[in-house]
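Chemist:
Numbering (my numbering), first residue to last: 31 to 172.
This is the structure in structure tokens:
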């Protein structure tokens with residue numbers, strides 16, 4: 031925004047995005063990602079500024095044990111889950127180990143866990159063995 035010298039409306043103001051003086055957040059050129067601390071594999075992110083909010087769910091096609099599965103990605107999730115009905119459809123259903131854990135939705139409802147297993151996952155970027163909890167209640171899966 032052009033203005034006369036000494037008459038900047040942002041003079042004495044602080045940007046909400048980067049906390050620097052003399053500009054407003056809509057003119058800010060910085061992406062903000064403040065990392066507060068990192069200890070023993072614990073990473074705490076203080077704040078993230080997003081320039082655009084995605085309107086549709088964040089989904090990705092992943093090949094799990096060679097089977098295409100459209101999964102909903104959740105970067106805030108503590109575990110990976112798959113419905114039992116899905117893996118029962120596969121010709122070679124993986125063997126499940128006992129899972130001594132309880133998982134809950136963000137509203138506090140418990141999700142019944144059948145077991146856990148490690149499965150080969152392939153995306154367009156990488157191949158990894160990923161641990162999944164297998165659940166049998168469809169109402170929690172989208």
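Every residue, glycine too, gets a C-beta built ideally from N, C-alpha and C.
Buried or exposed: residue 131, going by 16 or more other Cβ atoms within 10 Å of its Cβ?
Modeler: Taking the first residue of the chain shown as position 1, residue 131 is located at position 101. By the 10 Å Cβ count, residue 131 comes out exposed.
Chemist: Roughly how many angstroms separate the alpha carbons of residue 49 and residue 108, rounded to a whole number?
Modeler: Locating residue 49 in the chain shown gives position 19, counting from the first residue. Locating residue 108 in the chain shown gives position 78, counting from the first residue. If I take the Cα positions, the gap works out to 31 angstroms.
Chemist: Taking only the alpha-carbon atoms, compute the straight-line gap between residue 148 and residue 43 and give it to the nearest angstrom.
Modeler: Position 118 of the chain shown, counting from 1, holds the residue named residue 148. Position 13 of the chain shown, counting from 1, holds the residue named residue 43. So the two alpha carbons sit approximately 52 angstroms from each other.
Chemist: What does DSSP give as the partner residues of residue 150 in its beta bridges?
Modeler: For the purposes of this step, residue 150 is taken as the residue at position 120 of the chain shown. According to DSSP, which records beta bridges pairwise, residue 150 is partnered with 159.
Chemist: May I ask you to list the residues that DSSP assigns as paired with residue 182?
Modeler: This structure cannot settle anything about residue 182, because the visible part of the chain is limited to 31 through 172.
Chemist: Just confirm the distance between the C-beta atoms of residue 144 and residue 111, as a whole number of angstroms; I'd bet it's less than 8 angstroms.
Modeler: Here residue 144 corresponds to residue number 114 of the chain shown, with the count starting at 1. Here residue 111 corresponds to residue number 81 of the chain shown, with the count starting at 1. Wrong, their Cβ atoms sit about 10 angstroms apart, outside the cutoff.
Chemist: Taking its Cβ as the centre, do 16 or more other Cβ atoms sit within 10 Å of residue 163, making it buried, or is it exposed?
Modeler: Counting from 1 along the chain shown, the entry for residue 163 is found at position 133. It counts as buried.
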